[in-house]
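Residues in the sequence shown are numbered consecutively from 1366, following the numbering used here. Every residue gets a Cβ at the ideal spot worked out from N, C-alpha and C, and that includes glycine.
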Amino acid sequence: MDVLPIPLLSDNYGYLLVGPDGTRAAVVDCSDAGPVLRELERRGLRLEAVLSTHHHFDHVGGNDDAARAIPGLRVLGSRADRTRVPALTEALADGGTFEVAGLSGRALYIPAHTSGHLAYFFEDGTPSVFSGDTLFAAGCGRLFEGSPAQMMSSLAKLAALPDATRVYCGHEYTEKNLRFAHELEPTNQAIAAKLERVARLRVEGRPTVPSTIAEEKATNPFLRTHSPELRATIRARFPDLPDDDVAVFAKTRELKDAY
């Protein structure tokens, strides 16, 4: 599977997934159909399906236009978002399997950012997961429709994927996320090294995706509530905080919301 990131809107990514025959494709999160359709034409690809991670407009805003431009286009999304994903043709539940462009995938239900959020996991070749706005490189999504405990559970499901799994997230937030992570764990060398690398990429105008599950375990504060340094930083700011993983996670998310 070839994965081609397409910058969309101000800081979104859509991802073209090119199947093994090199002519069939799917797109993850079609927020704007125009750039996606132009890229397909430029590369001589035929779009067969849209995979929507969640209902927010900056992830599904191009679904209707793409469906009008390509008769018979399949649009996959969460069963919990039947009424909120435009042009939906196939509703998936947790663990639901599907095939697009000759590629076999599995839906992972990961609510909290939204109540119906899905990730899409592909195991062929190097495993890849498209995590939308749940797991970012060095971050996680805001809790618009769920609780800290629910987000922790969703992140744990993603963290349980193989360490080599490539993580393709929904936005280019990596540099800011790593700066926040570095403040929480200033002696974490993995964070410092990745921040330096990502800062260079951004100066060059290059994407910081994909990450990997192994990198996220080493650098993402929302997967590191067990870190003594992170916990000490959080407790220094909130001395009365219970010594509890969910409480630490919730305060970390609260700090990031204001960062």
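#### Entry: Helix, strand or coil at isoleucine 1475 according to DSSP, with G and I counted as helix
coil
### Query
Applying the criterion that 16 or more other CB atoms from any shown protein chain within 10 Å of the CB defines a buried residue, is histidine 1421 buried or exposed?
buried
### Query
Taking Cβ to Cβ, would you say glycine 1384 is nearer than 7 Å to glycine 1467?
yes
### Query
Below 7 Å between beta carbons: does that hold for valine 1611 and proline 1513?
A contact, by the Cβ cut-off of 7 Å.
### Query
Distance, Cα to Cα, serine 1375 vs glutamate 1537?
9 Å
### Message
To the nearest angstrom, how far is the alpha carbon of valine 1574 from that of serine 1493?
### Response
12 Å
### Message
Using 7 Å as the threshold, is the C-beta distance between glycine 1442 and cysteine 1395 below it?
### Response
no
#### Entry: DSSP beta-bridge partners of tyrosine 1624
DSSP lists no partner for tyrosine 1624.
### Message
Check whether the stretch 1468 to 1478 and the stretch 1491 to 1505 are in contact - that is, three or more C-beta pairs closer than 8 Å.
### Response
The stretch 1468 to 1478 is in contact with the stretch 1491 to 1505.
### Message
Quick check on the DSSP output: what are the complete alpha helix (DSSP H) runs of length 4 or more inside the stretch 1410 to 1455, in order along the chain?
### Response
1422 to 1425 and 1428 to 1434
### Message
I'd like to know whether the C-beta atoms of lysine 1559 and threonine 1530 end up nearer to each other than 7 Å.
### Response
The Cβ-Cβ distance between lysine 1559 and threonine 1530 does not fall below 7 Å.
### Message
For alanine 1564, list the residues DSSP reports as bridge partners.
### Response
Note: alanine 1564 sits in no beta bridge, so no partner.
### Among Glu1580, Ser1496, Met1517 and Ser1417, the one whose alpha carbon lies nearest that of alanine 1316
In this structure the chain extends from 1366 to 1624, so residue 1316 is not present and cannot be described.
### Message
Rounded to whole angstroms, what is the Cα-Cα separation between arginine 1449 and isoleucine 1435?
### Response
21 Å
### Message
Along the chain, where does the beta strand (DSSP E) containing valine 1494 start, and where does it finish?
### Response
1493 to 1497
### Query
Below 7 Å between beta carbons: does that hold for phenylalanine 1495 and arginine 1471?
no
### Query
So, is aspartate 1367 buried or exposed, given that buried needs 16 or more other C-beta atoms within 10 angstroms?
exposed
### Query
Looking at the structure shown, is leucine 1402 part of a helix, part of a strand, or coil, going by DSSP?
helix
### Alpha-carbon to alpha-carbon, leucine 1381 and isoleucine 1371
7 Å
### Task
Could you name the residues of the same chain whose beta carbon sits closer than 8 Å to that of leucine 1412, not counting the 5 residues immediately before and after it, in chain order?
Ala1390, Ala1391, Val1392, Val1401, Leu1402, Leu1405, Ala1431, Ile1435 and Leu1438
### Message
Please report the distance separating the alpha-carbon of valine 1613 from that of glutamine 1515.
### Response
Those two C-alpha atoms are separated by around 14 Å.
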